[in-house]
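Peer 1: Take this structure first; my questions come after.
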Amino acid sequence: MSPTGLARAIAFLRVWGISIASAVGGLLTLFVFRRGLPHVSLIVGYVLLLWILVAVLVQTRNTWAASDRRTHRLALAATEYTVQTLYHGVLLFLLPAYWAATTLTSYNVVFFLLLVFLALLATVDPWYHTIVHPHPWMGYLFFVVSLFGALNLALPLVYLPPAWALLSSAWLATVALTPAVCRARAWPWRLGFAVTALVGFAVAAGVVYIRIAIPPAPLFLAQSRVAWDVGTPDSPQPPSPIPAAALESQGLVAHTAIYAPAGLRTPVQHVWRQNGVIVNVIPLTVEGGRQQGYRTFSRKHSFPANPAGRWTVDVLTRGQLIGRLRFRVSS
Numbered sequence: 045m046s047p048t049g050l051a052r053a054i055a056f057l058r059v060w061g062i063s064i065a066s067a068v069g070g071l072l073t074l075f076v077f078r079r080g081l082p083h084v085s086l087i088v089g090y091v092l093l094l095w096i097l098v099a100v101l102v103q104t105r106n107t108w109a110a111s112d113r114r115t116h117r118l119a120l121a122a123t124e125y126t127v128q129t130l131y132h133g134v135l136l137f138l139l140p141a142y143w144a145a146t147t148l149t150s151y152n153v154v155f156f157l158l159l160v161f162l163a164l165l166a167t168v169d170p171w172y173h174t175i176v177h178p179h180p181w182m183g184y185l186f187f188v189v190s191l192f193g194a195l196n197l198a199l200p201l202v203y204l205p206p207a208w209a210l211l212s213s214a215w216l217a218t219v220a221l222t223p224a225v226c227r228a229r230a231w232p233w234r235l236g237f238a239v240t241a242l243v244g245f246a247v248a249a250g251v252v253y254i255r256i257a258i259p260p261a262p263l264f265l266a267q268s269r270v271a272w273d274v275g276t277p278d279s280p281q282p283p284s285p286i287p288a289a290a291l292e293s294q295g296l297v298a299h300t301a302i303y304a305p306a307g308l309r310t311p312v313q314h315v316w317r318q319n320g321v322i323v324n325v326i327p328l329t330v331e332g333g334r335q336q337g338y339r340t341f342s343r344k345h346s347f348p349a350n351p352a353g354r355w356t357v358d359v360l361t362r363g364q365l366i367g368r369l370r371f372r373v374s375s
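Under the working numbering, the first residue of the sequence shown carries the number 45, and numbering increases by one thereafter.
As structure tokens, this is what we get:
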């Protein structure tokens, strides 16, 4: 390689080398994740290490940045890079689980896209330094979203129902900002904790209000189909679109297989809609542990006078959408 080419390669690696290495590491992380949900201890370890480093960074950033000592500046750079790497690792652990739990035609795609956006920022080093470093609130957004997403995924793995996991994750992610609040306001820790705890309750209430926009990870719809009878998941499917006369004479069964972690028992609902209007709500229960998903079904015999149109069966748990089954009925 000529000296000019070597110089260009070195210049390229200085700008993009870390980003390329992060992307390769991220792909390896995704490959490992495909083998199954990560162990709870791994998620908790990431979260604790991230919280400790962010707390240290909040307390020392101004002092180290103003210092003339080279060691302080190196320590600051190393800590900031480690925090970025942890964000990158946590977000890439979360993406496959939230992707599986996301229904792309529903509101819960919003939270998944937020995770994708933050993961891209953490992967591409120049973007992270340009967008996140000059704006402290972006760093706090990274911290809160990463912590909330990790806890919301991890807590159901230790048998906490998804609804309570959602509340607990929102509250804990808010309380984890206590070091930053105390530093910014020069408050004692007791006062800072009291304030963030109270704000955390408000944040948890807000998250419950918008829970339809958050995928119910680690739950996801492993399989879904409609059939003429209960039978087995391999029983013949009706034609598409389904003739109204056949629907009225035979009825229809919605089969769903829902993955849930072992030991978790949670209520779900099959919400039948015609052209967006709710027709029936059928309560069911899911028990976790089956790799292929816990099989549930709901059967509908009675239909409106004119059943033609677009039908959906939404699978919900406490207001969060697990998945959606679609079919059409012709007149």
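Each residue gets a CB set at the ideal place from its N, CA and C atoms; glycine is no exception.
Quick caveat: nothing in here was measured; it's all calculated off a predicted structure.
What does residue 91 pair with, by DSSP beta-bridge criteria?
Peer 2: None, per the DSSP bridge assignment.
Peer 1: Using DSSP with H/G/I as helix, E/B as strand and the rest coil, what is residue 256?
Peer 2: Residue 256: helix per DSSP, three-state reduction.
Peer 1: Excluding sequence positions up to five away, which residues of its chain have a Cβ less than 7 angstroms from the Cβ of residue 199?
Peer 2: Here the set comprises 209, 212, 213.
Peer 1: Within the continuous alpha helix (DSSP H) that includes residue 293, where are the two ends?
Peer 2: Run containing residue 293: 288-294, per the alpha helix (DSSP H) assignment.
Peer 1: For the beta strand (DSSP E) holding residue 338, just list the boundary residues, first then last.
Peer 2: Unbroken beta strand (DSSP E) run through residue 338: 338-344.
Peer 1: What's the call for residue 313, buried or exposed, on a 16-neighbour Cβ count within 10 Å?
Peer 2: Under this definition residue 313 is a buried residue.
Peer 1: Counting along the chain, where does the alpha helix (DSSP H) carrying residue 213 start and finish?
Peer 2: Per DSSP, residue 213 belongs to the alpha helix (DSSP H) from 206-219.
Peer 1: Once the 5 residues before and after residue 376 are set aside, which same chain residues still bring their CB inside 7 angstroms of it?
Peer 2: Residue 376 lies beyond the residue range present for the chain, which begins at 45 and ends at 375; the question has no answer from this structure.
Peer 1: Note down the Cα distance separating residue 215 from residue 244, rounded to an integer number of angstroms.
Peer 2: Looking at the two C-alpha atoms, the distance is approximately 4 angstroms.
Peer 1: Near residue 371, what residues of its chain come up, given a Cβ to Cβ distance below 7 angstroms and the 5 sequence neighbours on each side ignored?
Peer 2: Within the same chain, residue 371 has close Cβ partners 270, 284, 286, 355.
Peer 1: What is the DSSP secondary structure of residue 272, counted as helix, strand or coil?
Peer 2: It is coil, neither helix nor strand.
Peer 1: Around the Cβ of residue 87, are there at least 16 other Cβ atoms within 10 angstroms (buried) or fewer (exposed)?
Peer 2: Buried, because 16 or more other Cβ atoms sit within 10 Å of the Cβ of residue 87.
Peer 1: Pick from 156, 260, 221: whose alpha carbon is nearest that of residue 99?
Peer 2: When only C-alpha atoms are compared, the closest one is 221.
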